[in-house]
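Novice: If you use this note's numbering, the first sequence closes out at 596, no skipped numbers anywhere.
Where a beta carbon is used, it is the ideal one built from N, C-alpha and C, also for glycine.
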Amino acid sequence: MGKKDNQEFVTQITPRSEDFSQWYTDVILKTDLVDYADVRGCMVIKPYGYGIWELIQQEMDARFKATGHKNVYFPMLIPESLLLKEAEHVEGFAPEVAWVTHGGNEKLQERLAIRPTSETLFCNMYAKWVQSWRDLPMKYNQWCSVMRWEKSTRPFLRTSEFLWQEGHTIHATAEEAQEETLQMLEVYREFAENVLALPVYVGQKSDKEKFAGARATYSMEAMMQDGKALQAGTTHNFGTNFAEAFGIQYLSKEGQLEFVHETSWGTSTRMIGAIIMTHGDERGLRMPPRVAPIQVVILPIAQHKEGVLERARALKAELEAAGLRVELDDRDTYSAGWKFNEWEMKGVPVRLELGPRDIEAGVATAMRRDTFEKSQLALDGIGDAVKSMLDSIHHTLFEQAKAFRDAKTYTAADMDALEKGVQDGFVKASWCGERACEDAIKEKTNASSRNMPFDQSGMPSDVCVCCGKPAGKLMYFAKAY
RNA sequence: CGAGGUGUAGCGCAGUUUGGUAGCGCGUUUGGUUCGGGACCAAAAGGUCGCAGGUUCGAAUCCUGUCACCUCGACCA
Numbered sequence: 116m117g118k119k120d121n122q123e124f125v126t127q128i129t130p131r132s133e134d135f136s137q138w139y140t141d142v143i144l145k146t147d148l149v150d151y152a153d154v155r156g157c158m159v160i161k162p163y164g165y166g167i168w169e170l171i172q173q174e175m176d177a178r179f180k181a182t183g184h185k186n187v188y189f190p191m192l193i194p195e196s197l198l199l200k201e202a203e204h205v206e207g208f209a210p211e212v213a214w215v216t217h218g219g220n221e222k223l224q225e226r227l228a229i230r231p232t233s234e235t236l237f238c239n240m241y242a243k244w245v246q247s248w249r250d251l252p253m254k255y256n257q258w259c260s261v262m263r264w265e266k267s268t269r270p271f272l273r274t275s276e277f278l279w280q281e282g283h284t285i286h287a288t289a290e291e292a293q294e295e296t297l298q299m300l301e302v303y304r305e306f307a308e309n310v311l312a313l314p315v316y317v318g319q320k321s322d323k324e325k326f327a328g329a330r331a332t333y334s335m336e337a338m339m340q341d342g343k344a345l346q347a348g349t350t351h352n353f354g355t356n357f358a359e360a361f362g363i364q365y366l367s368k369e370g371q372l373e374f375v376h377e378t379s380w381g382t383s384t385r386m387i388g389a390i391i392m393t394h395g396d397e398r399g400l401r402m403p404p405r406v407a408p409i410q411v412v413i414l415p416i417a418q419h420k421e422g423v424l425e426r427a428r429a430l431k432a433e434l435e436a437a438g439l440r441v442e443l444d445d446r447d448t449y450s451a452g453w454k455f456n457e458w459e460m461k462g463v464p465v466r467l468e469l470g471p472r473d474i475e476a477g478v479a480t481a482m483r484r485d486t487f488e489k490s491q492l493a494l495d496g497i498g499d500a501v502k503s504m505l506d507s508i509h510h511t512l513f514e515q516a517k518a519f520r521d522a523k524t525y526t527a528a529d530m531d532a533l534e535k536g537v538q539d540g541f542v543k544a545s546w547c548g549e550r551a552c553e554d555a556i557k558e559k560t561n562a563s564s565r566n567m568p569f570d571q572s573g574m575p576s577d578v579c580v581c582c583g584k585p586a587g588k589l590m591y592f593a594k595a596y
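Given below as structure tokens:
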């Protein structure tokens, strides 16, 4: 047994350091997360990948409910006239809308957009539903898929159709809407850090980067292992932009007709891409325990021997009773070594080996995926031991990612330093004008932008990544996905 | 849409320069021995060489066209 060493296995995935893109593609295909669909720019999410999404939905939904939101479902098709109502919004989305032009064999009188996002539908209904200040706020969320005809696509990061959640709320006052916008940004941040183990920066985006039709857009950005920024969630404050376009008005306590203030916020399956590109290593995935479809895999060793399988099944039942997601790999068609490597590639956080020697000693041999550390856990009370190991793995993943990001975050006082830093990671710098920022990131700096002064005063803590205008003057710059 | 690259067995590739029987590794199937870090032996199956034309006695190989995918830009969650 075991003539081939692990080096040989590792070479099956393109080394991360050599070609990060190829590594990403290798990992998602070889770990059974997705397959390429034979449909333009779309992917098939396989059971293991979809399992992650289900857990994300569960965790997020609980947070939405806790902040007073309810789930709804709106149609996938949007009449063109509805989409055209808010000028800035149309302009922003027009290049990437897919249209339905025929019903059966008949050409439609009005073409229907396949939703790229549902602001217009929500607005249309809100206009009917709202009469009085008593009806406000309305805080709805929907889980669905949307379609955007992207020019180039990559699984999870950018596909034509993608799964997401979109929250849409309307409020009586500007203050309330702003509070909602920031609250949901905080919900996202807390979720990213505490559930996905993704350290993120949150902040406001620049006018050029903001959502089409929004007064203000906020986002959370994570650093991938190639130093690029990935937007993992975004919230928008529309003010009364859409309310005015769609006539969403209510009668206030004072008897005045007022426009509502609206927000929207969304996160998508892209978060799965963020997990992969943040936590993955040379062996493949490292799933953050709280969204790992399989948290513990039990590998019976020498399972043909008497009593081993029975004990393994009992162990599985015990761990499941403790609330853990457990897989028992009792396939006898693969050797133990083969299975070790497969589950490591799939990123299962904890592996429990259970063989005759373990059973004899009353223990299971545990291996944690984050550090490859092996230890013996007493079978007696093993549920708690595994749970605390999972918590520890979560924290290790978070701290590793944070240390990586911090080490690649530079401070720049001039354009040269900014340009240089952006090649490797994030750059913290004072706001120096939108044109100059973009130029720096895209290596197309010209003389006029280069001469714009860096403002060294005022360094607020809430800042944003990727060419965003912060609430104050400090911001982060990075190449973005 | 601009620039570059790749299409040969399920997967990864060689063969193309200089035209001459379609190859290799992994995987798969069958039988046996194994089983605590991708086991070994033996046998077998599997390909209209992306597609369409052309040149030629003969094309994976040369010519023309076309399609798909990948990387980098532009656009975006």
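Helix, strand or coil for V411, going by three-state DSSP, please let me know.
Specialist: Strand at V411.
Novice: For T146, count neighbouring Cβ atoms within 10 angstroms of its own Cβ and tell me buried if that reaches 16, exposed if not.
Specialist: T146 is buried by the Cβ-count criterion.
Novice: In chain order, what residues of the same chain have a beta carbon less than 7 Å from the beta carbon of I167, not counting five sequence neighbours either side?
Specialist: Closer than 7 Å at the Cβ level, and outside the excluded window around I167, lie I387, V406, P408.
Novice: Closer than 8 Å is the cut-off here; do at least three beta carbon pairs connect the region 185–200 with the region 229–239?
Specialist: As far as the Cβ criterion goes, the region 185–200 touches the region 229–239, which means the pair count is three or higher.
Novice: Can you have a look at L372 and say buried or exposed, based on whether 16 or more other CB atoms are within 10 angstroms of its CB?
Specialist: Per the 10 Å Cβ criterion, exposed.
Novice: Under three-state DSSP, which class holds L467?
Specialist: Strand.
Novice: Exposed or buried, N186, counting other C-beta atoms within 10 Å across all chains shown (16 or more means buried)?
Specialist: Burial call: exposed.
Novice: Find out if the Cβ-Cβ distance for the pair E442, V412 is shorter than 8 Å.
Specialist: Yes; because the gap between Cβ atoms is below 8 Å, this pair is in contact.
Novice: Among the residues of its own chain, which have a CB less than 8 Å from the CB of Q172, if the five just before and after it don't count?
Specialist: Around Q172: W258, Q280.
Novice: Are V542 and Y591 closer than 8 Å when you measure CB to CB?
Specialist: Contact: yes.
Novice: Go ahead and pull the three-state DSSP assignment for P194.
Specialist: P194 falls in the strand class under three-state DSSP.
Novice: Can you say whether V142 is buried or exposed, counting buried as having 16 or more other CB atoms within 10 angstroms of its CB?
Specialist: So V142 ends up on the buried side.
Novice: If the criterion is Cβ atoms closer than 8 Å, does the pair L494 and A481 meet it?
Specialist: Not a contact, by the Cβ cut-off of 8 Å.
Novice: Residues in its own chain within less than 6 Å of A312 by CB, not counting five upstream and five downstream?
Specialist: Contacts found: P403, H509, L512, F513.
Novice: Is it the case that the Cβ atoms of M339 and M392 are separated by a distance below 8 Å?
Specialist: Going by C-beta atoms, M339 is nearer than 8 Å to M392.
Novice: Using only the alpha-carbon positions, how far apart do A427 and F455 sit?
Specialist: If you take the alpha carbons of A427 and F455, they lie about 16 Å apart.
Novice: Which residue or residues does DSSP assign as beta-bridge partners of V261?
Specialist: Paired residues: F277.
Novice: In whole angstroms, what separates the C-alpha of I497 from that of Q298?
Specialist: Cα-Cα distance, rounded: 38 Å.
Novice: Quick check: the Cα distance between I128 and W138, rounded to an integer number of angstroms?
Specialist: Rounded to the nearest angstrom, the two C-alpha atoms are 6 Å apart.
Novice: Rounded to the nearest angstrom, how far is the Cβ of G540 from that of K523, given a contact under 8 Å?
Specialist: Between K523 and G540 the Cβ distance is about 3 Å, and since that is below 8 Å, they are a contact.
Novice: Starting from the C-beta of V245, find all residues in its chain whose C-beta is less than 8 Å away, skip the five residues before and the five after it, and write them out in chain order.
Specialist: Closer than 8 Å at the Cβ level, and outside the excluded window around V245, lie L251, M253, I285, I363, Q364, Y365, V375.
Novice: Are there 16 or more other CB atoms within 10 angstroms of the CB of M274, so buried, or fewer, so exposed?
Specialist: Reading off the sequence shown, one finds Thr at residue 274, where the question assumed Met. T274 comes out buried.
Novice: What three-state label does DSSP hand G166 in the structure shown?
Specialist: In this structure, G166 counts as helix in the three-state DSSP scheme.
Novice: So, is K535 buried or exposed, given that buried needs 16 or more other C-beta atoms within 10 angstroms?
Specialist: When all chains shown are included, K535 counts as exposed.
Novice: Using the three-state DSSP reduction, which class does F592 fall into: helix, strand or coil?
Specialist: Strand at F592.
Novice: Name the DSSP beta bridge partners of D396, please?
Specialist: BP columns for D396 point to G399.
Novice: I'd like to check one pair, A344 with M335: are the Cβ atoms closer than 8 Å?
Specialist: No. Outside cutoff.
Novice: Kindly indicate the opening and closing residues of the alpha helix (DSSP H) around Q346.
Specialist: Per DSSP, Q346 belongs to no alpha helix (DSSP H); it is in the beta strand (DSSP E), 344–354.
Novice: Exposed or buried, V537, counting other C-beta atoms within 10 Å across all chains shown (16 or more means buried)?
Specialist: It is buried - the Cβ of V537 has at least 16 other Cβ atoms within 10 Å.
Novice: Classify R263: buried if its beta carbon has 16 or more other beta carbons within 10 angstroms, exposed otherwise.
Specialist: The residue in question, R263, is buried, as its Cβ has 16 or more Cβ neighbours within 10 Å.
Novice: Check whether the Cβ atoms of F277 and T384 sit closer than 8 Å, and answer yes or no.
Specialist: Yes, Cβ-Cβ distance for F277 and T384 is below 8 Å.
Novice: Helix, strand or coil, according to DSSP, for H184 in the structure here?
Specialist: Looking at H184 - three-state DSSP - the assignment turns out to be coil, as it is neither helix nor strand.
Novice: Taking buried to mean at least 16 other C-beta atoms within 10 Å of its own C-beta, is A562 buried or exposed?
Specialist: Only weak support exists for where A562 lies, its pLDDT of 37 falling under 50; the value from the coordinates is given anyway. It is exposed - the Cβ of A562 has fewer than 16 other Cβ atoms within 10 Å.
Novice: Would you mind stating whether V317 and A337 have Cβ atoms separated by less than 8 Å?
Specialist: No, the Cβ-Cβ distance between V317 and A337 is not below 8 Å.
Novice: Looking at G342 and I416, is the spacing between their C-beta atoms short of 8 Å?
Specialist: Contact flag unset, no.
Novice: Taking the alpha helix (DSSP H) that R426 belongs to, which residues open and close that run?
Specialist: From DSSP, the alpha helix (DSSP H) with R426 extends over 423–436.
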